[in-house]
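**Student:** So that we are looking at the same thing, I have put the structure below in structure tokens.
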Amino acid sequence: MKECRDDELFATAGVSRCIKVFDFSSVVNEPADIQCPISYKSSTTPLKYSFHELCNVSKNASKQLVKVWCTRQEESVLNIDMKSNICCVKYNPGSGNFIAVGSADHHIYHYDLRNISQPLHVFSGHKKAVSYVKFLSNNELASASTDSTLRLWDVKDNLPVRLLPELVLAKLFNIYFFFFSFQVRTFRGHTNEKNFVGLTVNSEYLACGSETNEVYVYHKEITRPVTSHRFGTPEMDNAEEEVGSYFISAVCWKSDSPTMLTANSQGTIKVLVLAA
1 MKECRDDELF ATAGVSRCIK VFDFSSVVNE PADIQCPISY KSSTTPLKYS FHELCNVSKN
61 ASKQLVKVWC TRQEESVLNI DMKSNICCVK YNPGSGNFIA VGSADHHIYH YDLRNISQPL
121 HVFSGHKKAV SYVKFLSNNE LASASTDSTL RLWDVKDNLP VRLLPELVLA KLFNIYFFFF
181 SFQVRTFRGH TNEKNFVGLT VNSEYLACGS ETNEVYVYHK EITRPVTSHR FGTPEMDNAE
241 EEVGSYFISA VCWKSDSPTM LTANSQGTIK VLVLAA
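Note that full-length UniProt numbering has the sequence shown beginning at 1, numbered continuously upward.
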């Protein structure tokens with residue numbers, strides 16, 4: 001799920017092999033799709049555009065190559081062999097020279113496209129595949145993994161973003177002492193063990209889906225959810241059956257707005273607003 005730059009339209013894609021384009025205002029009033037312009041022979045794969053130059057980046061059919069194209073050329077201009085399956089790619093909003101790549105090997109690779117011989121840094125910490133990477137700012141990168149966590153990274157200093165120092169009392173050889181603990185900022189509360197449940201961010205908040213058919217929102221300074229929303233209707237008699245049957249599949253903030261587009265595996269799209 002992706003919005004255009006002026007936020008008037010948004011597009012959805014999935015295993016139906018079709019990209020559908022919607023008018024945002026029409027969906028709020030009466031759901032109706034505008035067009036279905038592209039049909040694929042298989043499910044769609046990640047595609048990200050750089051607004052700094054006319055080029056794009058995606059994973060190719062082998063699932064282990066990052067390929068960068070210029071729209072003026074037929075052949076890719078760069079190929080990065082990741083040696084492991086790729087789950088996601090994202091341009092840094094501050095420069096089209098930098099990308100983040102999430103991999104099935106549990107790591108996030110930060111590249112400067114001007115020198116792809118090796119990554120600028122490899123961020124480690126997730127226990128399972130990294131399914132999404134998103135930039136909150138030029139320096140802050142969020143990641144989502146099927147280990148049911150989100151993490152925050154500093155791509156300027158190549159460090160994980162940590163919580164404020166916590167004073168801890170410890171005992172060693174019958175001697176008590178205090179020390180400061182700097183824990184990595186890891187966001188927990190949602191459930192994500194096998195599906196792509198979506199990740200979207202703005203300058204302050206991170207939102208993701210859950211395999212419990214819920215959308216969770218975190219503030220970047222707080223590691224527990226600040227709010228959540230469960231899909232479904234009051235008419236559902238068996239809530240437990242609903243939770244087990246569906247999961248959130250996509251989430252997308254509207255630019256500079258508390259409004260969020262969300263979708264689940266049942267094909268339902270909702271417009272949610274984060275209230276103050």
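No residue lacks a Cβ here, since even glycine has one placed at the ideal position from N, Cα and C.
None of the values given here were measured: they were computed from a predicted structure.
1. On the DSSP bridge assignment, give the partners of H121 in chain order.
2. Please report the straight-line C-alpha distance between N213 and S145, rounded to a whole angstrom.
3. So what's S148 in DSSP terms, helix, strand or just coil?
4. Any idea what DSSP makes of S25, helix, strand or coil?
5. Just to confirm, is the Cβ distance from L113 to L136 under 8 Å?
6. Can you give the Cα-Cα distance for H106 and C70, rounded to whole angstroms?
7. Pick from D154, K90, H229, R72: whose alpha carbon is nearest that of A275?
8. On the CB-based measure, 16 or more other CB atoms within 10 Å of its CB, does L261 come out buried or exposed?
9. With distance defined between alpha-carbon atoms, name the residue in S124, G94, V130, F22 nearest to C88.
10. Within the same chain, show all residues whose beta-carbon is closer than 6 Å to that of Q266, passing over the 5 residues directly before and after it, in chain order.
11. To the nearest angstrom, how far is the alpha carbon of E140 from that of V161?
12. Taking 7 Å as the limit between beta carbons, can you name the residues of its chain near P93, skipping five residues before and five after?
13. Would you report the Cα separation of S257 and N85, rounded to the nearest angstrom?
14. Go through its chain and collect everything with a Cβ distance to T200's Cβ below 8 Å, but skip five positions before and after it.
15. So, is D211 buried or exposed, given that buried needs 16 or more other C-beta atoms within 10 angstroms?
16. According to the neighbour-count rule (16 or more other Cβ atoms, all chains shown, within 10 Å of its Cβ), is N192 buried or exposed?
17. Does DSSP classify Y245 as helix, strand or coil?
**Tutor:** Quick look at the numbers:
1. H110
2. For N213 and S145, the distance between alpha carbons rounds to 17 Å.
3. In this structure, S148 counts as coil in the three-state DSSP scheme.
4. helix
5. no
6. 29 Å
7. H229
8. buried
9. Between C88 and the set S124, G94, V130, F22, the nearest pair of CA atoms involves V130.
10. Y246
11. 8 Å
12. Cβ-Cβ distances below 7 Å link P93 to F135, N138 in the same chain, with the five nearest sequence neighbours on each side left out; the list follows chain order.
13. 34 Å
14. Closer than 8 Å at the Cβ level, and outside the excluded window around T200, lie K134, L206, A207, C208, V251, C252, W253, M260.
15. The residue you asked about is not Asp; residue 211 is Glu in the sequence shown. With 16 or more Cβ atoms within 10 Å of its Cβ, E211 is classed as buried.
16. buried
17. Reading off the sequence shown, one finds Ser at residue 245, where the question assumed Tyr. If DSSP states are grouped into helix, strand and coil, S245 belongs with the helices.
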